[in-house]
Each structure stands twice: as structure tokens, then as C-alpha cells.
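What follows is a short report on a single structure.
In my numbering, the protein residues as written are 2 to 500.
This is the structure we're talking about:
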């Protein structure tokens with residue numbers, strides 16, 4: 002019989018207690034409804050650990066309540082901007098709802114909130130061609146697609162079809178894309194007027210006039226360094242604490258330098274003018290519209306839905322499995338208890354986020370913070386969800402955070418997403434070329450779709466050149482043809498119009 006000392010680190014929970022193997026029931030009797038429903042004792046945890054883990058996860062990811070409104074602050078095709086206060090309410094409500102459901106239904110320590118990659122697609126791919134009501138309708142559609150994929154088992158076929166390296170490339174490319182967005186929104190980088198005939202002209206520049214100017218850019222720079230410093234010191238909630246610290250600095254600078262709203266870009270100003278607590282503003286709830294979507298074109302709509310599915314589905318799949326393994330809940334085959342239910346809830350998060358007006362909800366990798374602090378059951382998710390519920394009543398505080406400060410988190414998130422590079426075999430050109438094209442084309446073209454399309458097409462072409470005709474599979478061939486049509490959309494439209 003093995004002792005506790007024979008257990009591997011992954012079989013233990015913080016505090017030294019061994020984690021029971023998956024499927025093995027503890028003989029200690031359940032003493033409460035919570036213990037019996039969430040199987041706290043069975044999974045080698047305690048009520049205190051679940052509460053602590055839930056709070057830790059909330060602290061690690063609550064920054065999304067501040068950051069998501071920044072990403073979704075861009076105008077849609079008609080020039081309409083979403084209200085910041087309504088966005089904060091929508092973001093907190095959707096995160097609270099989906100996280101609470103995840104805890105109650107799937108009983109796993111996973112928390113959900115607006116996915117940064119999904120929000121980036123909505124803001125910079127969808128909004129420029131549709132209204133925000135249409136964009137949220139696209140969220141509802143992609144969420145339903147993911148649910149169907151899970152229920153029918155097609156997710157397995159898709160996971161097998163797309164190479165692992167390309168999945169990592171998509172994450173890295175979105176990371177660079179999000180980082181560039183943060184640099185632009187902060188004023189650290191700006192576009193540079195150019196003369197088409199001037200071969201020496203540059204598309205972007207450092208700050209304005211090729212130098213950093215203004216107090217807001219300084220606040221951004223200090224916030225970035227502060228968050229990185231806290232992460233290096235492994236401080237829980239580093240991003241949130243960095244944003245709070247940056248906001249306090251911005252408030253001091255705002256008063257000392259006599260700045261105005263115009264200096265902050267006309268968006269959030271670090272100046273307190275009212276009550277800390279207010280009633281939630283659900284002005285965006287139910288603002289989903291399918292009217293006018295057909296005018297965009299079937300190909301464009303198909304590409305948008307496909308891109309949203311890629312952005313929201315694969316990261317969630319990997320995150321759920323990875324956290325399950327970290328928590329010691331996965332069985333010998335790597336299957337997590339309640340995996341199918343967790344995937345359904347994650348897919349439904351797209352629907353909930355679209356209806357709420359907050360972007361698609363997906364499992365956050367920050368859930369690992371709570372797992373590392375002892376969380377093993379859905380009770381931790383309930384605690385995290387209650388934290389987001391409280392956020393509904395503190396919307397005025399979010400209005401104090403300048404866009405430049407919140408944008409610092411985008412740069413940090415970008416750096417975190419680039420960590421997937423360690424999973425890529427860069428010495429194998431057949432692997433590295435599609436990865437390279439996927440990663441660089443997302444920020445360089447300001448298009449997530451373009452990066453994914455280049456990666457899929459180049460992968461298929463390389464396999465054909467190598468004589469491995471069967472390797473890509475029919476699904477990858479189909480995707481490659483769709484993306485070829487996407488790149489050739491303009492000449493195809495011209496040709497069809499002429500015909």
C-alpha cells in the first residue's frame with residue numbers, strides 16, 4: 002500500500018493532503034448538503050479551501066470587468082459606441098451567470114468571463130462591418146454552434162483535424178494582436194501619415210512625432226512595469242493590483258498636472274465625481290439584432306462565425322483539460338469529470354454573453370490561480386460568481402480607470418499568450434512556417450481571420466508539397482478552400498458583378 006509520500010505533487014492539494022484518484026470515493030461521511038452536492042470531501046478538499054480558491058480566482062480575473070469595456074469601446078460600422086457603464090454591467094453579469102452555472106452544473110473549479118480573443122474579433126473584425134446589435138447576434142450564433150459541436154461529438158473531429166501547432170499559433174497571434182491594440186489605445190504607438198510615393202515612410206511610429214508625449218502615456222508605461230513586477234514576484238491578482246495602482250497614479254497626475262478629459266482621449270477620466278455604489282445598468286441586455294446581417298454577405302458572415310468559433314472553442318478545450326489535470330481530477334485517459342457538461346456551459350457562454358451585450362464568455366486560464374490555492378469543486382466557482390455579482394453594484398469605480406491604464410493589461414495578456422511558443426517545434430520548417438504566418442499576420446494585417454487563413458492554407462500546401470496528401474484530412478482541405486475564397490473575395494465579387 003502506498004503512503005502519502007508516494008504521491009506525486011499533482012496528486013496533492015495545498016496543505017499536504019493527498020488528492021484521491023479520480024473516481025475513488027472517500028470513506029469519510031458527508032456532513033452537509035454542500036459537501037454531498039459538490040463532493041468536497043470526496044475530492045480531498047475542505048470548505049475553507051474552496052472559498053479561498055474561489056476568492057483567489059476572482060481576484061486574478063476581475064480585471065476583465067475593466068478591460069472588456071475598453072476593447073469593446075470602438076465604434077461600429079454606423080459610428081455607434083457602446084456605453085462604458087452598460088458594458089461594465091454586462092461584463093460582470095455575464096461572468097457571474099456563466100460561472101455560477103458552471104459551478105452548479107459541472108461541479109468543476111472553472112470560472113468564465115468575456116474572452117479577450119472573442120472580444121477582439123468582435124471589436125476589430127465584426128463591428129467595422131456590422132452594428133453592435135448584429136455583432137452580439139454573431140456571439141449567439143457561435144455559441145449555439147459550439148454547443149452543437151459538443152453535443153454531436155464533432156468537436157473531437159475538429160480537434161484532430163487542426164494541428165496542435167496551429168492551435169498554439171492562433172493563441173500567440175491573438176496575443177500579439179491584443180498587445181498591439183493596447184499599445185495603440187495607450188498612445189505608446191500611433192499611425193503615421195504617409196505619402197504612397199515615399200518609400201521611406203512608416204505606417205506606425207513611437208508615440209506622436211516619433212516620441213512619447215503626455216502624462217497618460219507615462220501612466221500606461223508605469224502600469225505595465227508594475228504589473229510585470231508583481232507577476233515576477235508571483236503576487237496573486239497582479240493584473241488587478243497593477244490597474245488599481247495605475248489608476249491611483251493617474252488620479253494624482255490628473256490633479257497635480259491639471260489635466261482635462263481631452264488629455265485622456267475623452268474616455269474614462271480618473272476623477273471621482275459621484276457615489277461609489279450604483280444600480281446596475283442593463284441597457285445592453287437583449288440588444289441582439291439579426292436585421293441587416295444578410296447585407297454583409299454569406300461568405301463574410303460564415304468567416305466571422307468560423308473565426309469566433311476558433312477564438313472561443315479551442316482555447317477553452319485546452320484550458321479545461323489543463324486545469325483538470327492540474328487539480329488532479331482527470332482520470333488516466335485525461336478525461337475530466339463533468340467535461341461534457343463543462344463544454345456545454347462554455348459553449349452556452351457565447352449565447353449568454355451575446356444576449357447580455359458583453360461578448361462571448363469562455364473559461365479563463367486564471368482559474369488555475371484558484372486551483373493552485375486548493376479549489377477542487379464547483380463551490381469555488383460559486384464563490385467566484387458571487388464576486389462578479391457584487392461587481393454589478395460598483396460600476397462607478399470602473400469609470401475612474403483611464404483607457405491608458407486599462408490598456409496596460411492588454412500588453413501583459415499578450416505576453417502571457419505568447420508563452421505557447423514553447424510548444425512549437427521551430428526546427429521543423431513544415432511546422433514553423435504555418436505557425437509563423439499565423440502569428441505575424443494577425444497583428445501586421447490587424448486581422449485575426451487573415452492569420453488563421455494563412456496558417457491553414459500554408460499547412461495544407463506544405464503537406465501537399467511533401468507528398469503527404471492524406472495528412473491534412475478532408476476537414477482541413479475544406480477549411481483551406483473556404484479561406485482561399487476569403488482571400489479572393491474582392492476579385493470574386495468583381496467577377497460575379499461583371500458577369
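Just so you know, even glycine gets a beta-carbon here, dropped at the ideal spot from N, CA and C.
Would you kindly check if the distance between the Cβ of residue j and the Cβ of residue i is under 7 angstroms?
| i | j | result |
| --- | --- | --- |
| residue 410 | residue 240 | yes |
| residue 396 | residue 279 | yes |
| residue 92 | residue 371 | no |
| residue 463 | residue 122 | no |
| residue 306 | residue 142 | yes |
| residue 353 | residue 95 | yes |
| residue 162 | residue 477 | yes |
| residue 248 | residue 217 | no |
| residue 457 | residue 481 | yes |
| residue 289 | residue 215 | no |
| residue 112 | residue 342 | no |
| residue 314 | residue 72 | no |
| residue 110 | residue 381 | yes |
| residue 438 | residue 455 | yes |
| residue 328 | residue 263 | no |
| residue 187 | residue 221 | yes |
| residue 403 | residue 251 | yes |
Tell me whether residue i sits in a helix, a strand or coil according to DSSP, three-state version.
| i | result |
| --- | --- |
| residue 193 | coil |
| residue 242 | helix |
| residue 364 | strand |
| residue 450 | helix |
| residue 62 | helix |
| residue 486 | helix |
| residue 107 | helix |
| residue 324 | helix |
| residue 207 | strand |
| residue 212 | strand |
| residue 433 | helix |
| residue 170 | helix |
| residue 228 | helix |
| residue 397 | helix |
| residue 77 | coil |
| residue 263 | helix |
| residue 358 | coil |
| residue 502 | Here the chain has residues from 2 to 500 only, and residue 502 is not among them. |
| residue 269 | coil |
| residue 472 | coil |
| residue 83 | coil |
| residue 283 | coil |
| residue 90 | helix |
| residue 125 | helix |
What does DSSP give as the partner residues of residue i in its beta bridges?
| i | result |
| --- | --- |
| residue 184 | Residue 184 pairs with nothing; no bridge assigned. |
| residue 113 | 364 |
State the Cα-Cα distance for the pair residue i and residue j, rounded to the nearest angstrom.
| i | j | result |
| --- | --- | --- |
| residue 42 | residue 114 | 28 angstroms |
| residue 13 | residue 55 | Any reading at residue 13 must be qualified, since the residue scores a pLDDT of 40, below 50, and its modelled position is unreliable; the value itself is stated next. The alpha-carbon atoms of residue 13 and residue 55 are separated by roughly 18 angstroms. |
| residue 181 | residue 444 | 7 angstroms |
| residue 1 | residue 369 | Only positions 2 to 500 of the chain appear in the structure, and residue 1 is not among them; the question remains open. |
| residue 414 | residue 274 | 31 angstroms |
| residue 136 | residue 359 | 11 angstroms |
| residue 177 | residue 204 | 17 angstroms |
| residue 37 | residue 379 | 12 angstroms |
| residue 363 | residue 140 | 12 angstroms |
| residue 475 | residue 48 | 49 angstroms |
| residue 229 | residue 492 | 46 angstroms |
| residue 233 | residue 225 | 12 angstroms |
| residue 471 | residue 459 | 15 angstroms |
| residue 75 | residue 124 | 6 angstroms |
| residue 365 | residue 68 | 14 angstroms |
| residue 212 | residue 325 | 47 angstroms |
| residue 138 | residue 117 | 18 angstroms |
| residue 432 | residue 166 | 7 angstroms |
Please return the same chain residues whose Cβ sits closer than 7 angstroms to the Cβ of residue i, not counting the five positions on each side in sequence.
| i | result |
| --- | --- |
| residue 60 | 237, 238 and 241 |
| residue 231 | 239, 242 and 243 |
| residue 453 | 171, 308, 311 and 439 |
| residue 461 | 473, 477, 478 and 481 |
| residue 549 | Residue 549 lies beyond the stretch modelled for the chain, which goes from 2 to 500, so this question has no answer here. |
Just to confirm my understanding: we take residue i, look at its own chain, exclude 5 residues before and 5 after, and list those with CB closer than 6 angstroms. What are they?
| i | result |
| --- | --- |
| residue 70 | 85, 88 and 89 |
| residue 102 | 346 |
| residue 183 | 408, 411 and 412 |
| residue 419 | 173 and 176 |
| residue 385 | 55, 58, 59, 100 and 112 |
Just to confirm my understanding: we take residue i, look at its own chain, exclude 5 residues before and 5 after, and list those with CB closer than 8 angstroms. What are they?
| i | result |
| --- | --- |
| residue 78 | 128, 129, 130, 131 and 132 |
| residue 63 | 238, 241, 388, 389 and 392 |
| residue 303 | 483 |
Is residue i close to chain C? Criterion is C-beta to C-beta, closer than 7 angstroms.
| i | result |
| --- | --- |
| residue 216 | Annotation note: the requested chain C is absent from the structure, which comprises a single protein chain. |
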